[in-house]
Amino acid sequence: MLQINIIRDNPQEIIKRLSVKNFDAKELVEKIISLDAQRRETQKKLDDNLSEANSIAKEIGVLFKSGKTTEANALKEKTTVLKISAKELSESLQITEKELNETLVLLPNLPHPSIPKGKGADDNLIVSEEGDIPMLGENSIAHWDLALKYGIIDFETGVKITGAGFPIYKGKGAKLQRALINFFLDNATEKGYAECQPPFVVNADSAYGTGQLPDKEGQMYFVSADNLYLIPTAEVPITNIYRDVILKAGDLPVKNTAYSACFRREAGSYGKDVRGLNRLHQFDKVEIVQVVHPEKSYEVLEEMKDYVAGLLRKLELPFRVLKLCGGDMSFASAWTYDLEVYSAAQQKWLEVSSVSNFETFQSNRLKLRFREGDGKPQLAHTLNGSALALPRIVAALLENNQTPGGIKIPKALIPYTGFEIIN
RNA sequence: GGAGAGAUGGCAGAGUGGUCGAAUGCGGCGGUCUCGAAAACCGUUGUUCGCCUUCCGGCGAACCGGGGGUUCGAAUCCCCCUCUCUCCGCCA
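Note that the first sequence covers residues -13 to 409 in this note's numbering.
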């Protein structure tokens, strides 16, 4: 959520910058400015009203104490009018505030000035590309066939017990999952991220805090008996640790990492790139999150992007880094890098990580602040990134490393799998 | 699931209708003392919104789990909700 004072002070600038995200903010901004003015006017009236009522109440107290009951009762009548208008004003204030807030959350985050406009994925900038695209032989097959061939992922049984998008990993497939999770967590920990295990379900306040609500309600599984949401990413619980928290400047940067299963309904995406592991309803992911000083956030964004790139390098996967254009960026992000690995049998790039700087967009909703010395609390910047999402990594590992003798495990992973080949 | 207890400032913990944003202690910050530190002593110490102010700041409003009510006046009384704890039952 954008800060109201920024909108108030630079409405034209806001509209201009949001147009980079192909978002026409003109009407919303105008509405916000008018609601804001209305809110302040009503608040002033209400405060004056209450102030008067308070001082009369005090007078009455003093009069009663000194036994001047008649005078006190006379004053009571004066408050009747005040009470009625106070009630009206406070109701009107509540309505205005609610409407203002509901409008405010409809505005996406401002893209960083360096973000190019663009229609969609085709307009993203390729920042770097690295690693050799494997030249597979004639007989190379896609990962869903490899999974079947080696008996390591069972899509069919997953359909039986739950539905499409919930595969069962078996044998070396299951072991590979566990190995990747540990590999990612160990790397993150080494890099200074504190590991934690968050809840996999969250309440509405948390989902709202990181921006899943109200924007992406349809993407989350909802447990109606308890009003809880299954997390679409560990970002939600991890970032919400700091909801309503005022940190000391010395506590920054806060670096956390967590493994979690991630649940996504992926409503409306059927039939498109959903084969095999490409898009699942439940998948595993290790997430990294940082809470940083505003002056440091872009430095940290680079550092996080480089860290994720380093993981892909260790896994010996060919990858490229994209800087997303305005049209492809998420609602809450100010700057996003996507990292994609090349999956050689499918012959396509698969997104395995998204590293974003949200600046104060999340912290404003979360009321995540920090204090420098005796200064006033100010909003921190939040960033997060996948490091990494497993299924597409597995897809690329299977496809790229297939040989007539089986699938080779990259060197860095062997200490974690305990085997060198899947055959 | 059943029964009971509770929710107050960073923490602990008073406060059951009238200058209570809230005693006291601890912690934090500043100072005195000291070569320095500890101890001791003195002072200070929340957040949000609005109005005013060039800075410092000033004034007003709100906040004692959340929402509603009674009252001239609510942390304090009433109602609803949420959460936590204890005991019993069940159970990984």
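Every residue, glycine too, gets a C-beta built ideally from N, C-alpha and C.
None of these values were measured; they are calculated from a predicted model.
What are the residues that DSSP puts in a beta bridge with residue i?
i           : result
residue 329 : 334
residue 244 : 273
residue 180 : 242
residue 209 : 214
residue 371 : 274, 341
residue 115 : 306
residue 359 : DSSP, once it has assigned bridges, lists no residue as partnering residue 359.
Mapping DSSP to helix, strand and coil, what is residue i?
i           : result
residue 128 : coil
residue 417 : In the structure displayed, the chain extends from -13 to 409; residue 417 sits before or after that span and is not available.
residue 172 : helix
residue 421 : With the chain running from -13 to 409 in the structure shown, residue 421 is simply not present.
residue 319 : coil
residue 155 : strand
residue 378 : helix
residue -11 : coil
residue 260 : coil
residue 65  : helix
residue 405 : coil
residue 148 : coil
residue 222 : helix
residue 196 : coil
residue 227 : coil
residue 103 : coil
What does a CB cutoff of less than 7 Å around residue i pick up in its chain, not counting 5 residues either side in sequence?
i           : result
residue 425 : Any answer about residue 425 is impossible in this case: the structure gives the chain only from -13 up to 409.
residue 128 : 262, 331, 332, 385
residue 157 : 137, 138
Candidates the options: which alpha carbon is nearest residue i's?
i           : options            : result
residue 267 : 375, 185, 160, 194 : 375
residue 309 : 360, 324, -4       : 324
residue 173 : 127, 274, 262      : 274
residue 59  : 253, 360, 46, 83   : 46
residue 220 : 244, 140, 210      : 244
residue 251 : 286, 293, 149      : 149
residue 327 : 124, 303, 168, -12 : 303
residue 370 : 200, 272, 298, 232 : 272
residue 352 : 269, 293, 193      : 193
residue 395 : 372, 348, 301      : 301
residue 287 : 269, 298, 307, 299 : 307
residue 334 : 19, 293, 381, 132  : 381
Roughly how many angstroms separate the alpha carbons of residue i and residue j, rounded to a whole number?
i           : j           : result
residue 54  : residue 355 : 50 Å
residue 224 : residue 130 : 32 Å
residue 153 : residue 283 : 37 Å
residue 332 : residue 164 : 25 Å
residue 179 : residue 171 : 9 Å
residue 23  : residue 398 : 59 Å
residue 33  : residue 21  : 18 Å
residue 379 : residue 17  : 45 Å
residue 119 : residue 383 : 12 Å
residue 191 : residue 295 : 33 Å
residue 259 : residue 389 : 25 Å
residue 285 : residue 84  : 36 Å
residue 182 : residue 276 : 13 Å
residue 86  : residue 43  : 33 Å
residue 240 : residue 26  : 36 Å
residue 206 : residue 186 : 12 Å
residue 168 : residue 402 : 7 Å
residue 103 : residue 11  : 15 Å
Here's a check: name, in chain order, each residue in its chain whose Cβ is nearer than 6 Å to the Cβ of residue i, leaving out the five neighbours to either side.
i           : result
residue 342 : 319, 322
residue 155 : 139, 163
residue 94  : 7, 9, 317
residue 113 : 307, 309
residue 377 : 263, 266, 269
Could you name the residues of the same chain whose beta carbon sits closer than 8 Å to that of residue i, not counting the 5 residues immediately before and after it, in chain order?
i           : result
residue 280 : 345, 346, 364, 365, 366, 367
residue 39  : 65, 68, 69, 72
residue 29  : 79
residue 409 : 136, 391, 392, 393
residue 350 : -13, -12, -11, 365
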